[in-house]
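The letter at position 130 of the sequence shown is residue 136 when you use this note's numbering, and the numbering goes up by one with no holes.
We treat Cβ as the ideally placed atom computed from N, Cα and C, and that holds for glycine.
Here the structure is a predicted model, which is why all the values come from computation and not from measurement.
Here's the structure, in structure tokens; my notes come after.
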Amino acid sequence: MRIAIISDIHANLEALEATFEDIENQTIDEIICLGDIVGYCANPNECITLVNKKCPVTLLGNHDAAAVGKLSTQHFNIHAKIAIDWTAEHLNRKSKTYLENLPLRKHFDSITYVHSTPYEPQMWYYITSLEEAAFNFQFFDTTFCFVGHTHIPIIIVLDEKRELYVHQDTKIDFGDSGARYLINVGSVGQPRDHNPDSCYGIIDTEQQRYYARRVKYDLQKTQNKMRKIHMPEFLVTRLQEGK
Numbered sequence: 007m008r009i010a011i012i013s014d015i016h017a018n019l020e021a022l023e024a025t026f027e028d029i030e031n032q033t034i035d036e037i038i039c040l041g042d043i044v045g046y047c048a049n050p051n052e053c054i055t056l057v058n059k060k061c062p063v064t065l066l067g068n069h070d071a072a073a074v075g076k077l078s079t080q081h082f083n084i085h086a087k088i089a090i091d092w093t094a095e096h097l098n099r100k101s102k103t104y105l106e107n108l109p110l111r112k113h114f115d116s117i118t119y120v121h122s123t124p125y126e127p128q129m130w131y132y133i134t135s136l137e138e139a140a141f142n143f144q145f146f147d148t149t150f151c152f153v154g155h156t157h158i159p160i161i162i163v164l165d166e167k168r169e170l171y172v173h174q175d176t177k178i179d180f181g182d183s184g185a186r187y188l189i190n191v192g193s194v195g196q197p198r199d200h201n202p203d204s205c206y207g208i209i210d211t212e213q214q215r216y217y218a219r220r221v222k223y224d225l226q227k228t229q230n231k232m233r234k235i236h237m238p239e240f241l242v243t244r245l246q247e248g249k
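Listed below in structure tokens is the structure:
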């Protein structure tokens, strides 16, 4: 089975459309979305509609939760808060209902899916170090756990000798080694690994392989839309910088 995993779209319709177009050419059986459909960019309703159409499984992200009042924005930075306030005002009823009913976590066969962390996903913690990764391996028992949230693609391996390390690539052949994997699929709509191209992941359970894909999109069109609705310039310019 070939599964495409997307995350952190953040209302970037151009990036999402380009990503789905790329996915259509990859012989994919299923698309799973790890959340944060909204926030930052200008097309929350359109992105929700498209994700609802394309993804049979979608999880709740912290920006999704905040946009429908399920999470306070008191700990959001000022730019994120401005974007969420705008988003909350512009979501239609159908979009709100959709976000309100998204789950925090799912697992199927050998794979766990969650937006933030397997440990207390409703707290929206980040995995930014090996120490944090090691802690989180205790809270899923599947071979794979796919996350988003940091917007940075990474593969963390707990091998058969219980040694933990960062795999120095965004693709890996996993075979039958007995290792386990914590994989961040990156961000469709606001990458932060100094590459502005949309990022998503594909796992092929038959070929026993995972790899990230990058997709170019009309970034300037997205930025023009953001400026038109008066999003903070910081949010606009960071898209082209990939950070």
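Sequence ranges, alpha helix (DSSP H) only - wholly within the stretch 139 to 187, length at least 4: none
Which whole-angstrom value is the C-beta distance of residue 217 and residue 177, which I expect to be below 8 Å? What you label residue 217 is simply residue 211 of the sequence shown in a count that begins at 1. What you label residue 177 is simply residue 171 of the sequence shown in a count that begins at 1. That pair is a contact at about 4 Å.
Span of the beta strand (DSSP E) holding residue 11? Along the sequence shown, one-based indexing puts residue 11 at 5. Its beta strand (DSSP E) spans residues 8 to 12.
Measuring only the C-alpha atoms, how far is residue 241 from residue 181? Against the sequence shown, residue 241 aligns to sequence position 235. Against the sequence shown, residue 181 aligns to sequence position 175. Distance between the alpha carbons of residue 241 and residue 181: 40 Å.
Three-way DSSP call (helix, strand, coil) for residue 82 in this model: Within the sequence shown, residue 82 is the residue found at index 76, counting from 1. Look at residue 82 here: in three-state DSSP terms it is coil, with no helix or strand label.
Which full runs of the alpha helix (DSSP H) of 4+ residues lie inside the stretch 48 to 107, going along the chain? 50 to 60, 68 to 73, 84 to 96 and 99 to 106
Checking 8 Å against the spacing of the C-beta atoms, do residue 108 and residue 136 come in under that value? By one-based count along the sequence shown, residue 108 stands at place 102. By one-based count along the sequence shown, residue 136 stands at place 130. For the 8 Å CB-CB criterion, residue 108 and residue 136 do not form a contact.
State the CB to CB distance for the pair residue 159 and residue 205, rounded to an integer number of angstroms; the pair is presumed to be in contact (CB under 8 Å). Locating residue 159 in the sequence shown gives position 153, where the first residue counts as 1. Locating residue 205 in the sequence shown gives position 199, where the first residue counts as 1. Confirmed, about 5 Å.
Do residue 11 and residue 146 have their C-beta atoms closer together than 8 Å? Here the question's residue 11 lines up with position 5 in the sequence shown. Here the question's residue 146 lines up with position 140 in the sequence shown. No, the Cβ-Cβ distance between residue 11 and residue 146 is not below 8 Å.
When you compare the stretch 71 to 88 with the stretch 100 to 117, are there three or more beta-carbon pairs, one atom per stretch, that lie closer than 8 Å? Output reads yes: the stretch 100 to 117 touches the stretch 71 to 88.
Roughly how many angstroms lie between the CA atoms of residue 85 and residue 47, to the nearest whole one? Translated into positions along the sequence shown, residue 85 becomes position 79. Translated into positions along the sequence shown, residue 47 becomes position 41. Taking the straight line joining both Cα atoms gives about 11 Å.
From what residue to what residue does the alpha helix (DSSP H) around residue 234 run? The residue you call residue 234 lines up with position 228 of the sequence shown. Taken as a continuous stretch (DSSP letters only), the alpha helix (DSSP H) holding residue 234 covers 225 to 234.
Nearest neighbour of residue 168, chosen from 230, 185 and 154 [CA to CA]: Here the question's residue 168 lines up with position 162 in the sequence shown. Nearest C-alpha to residue 168: 185.
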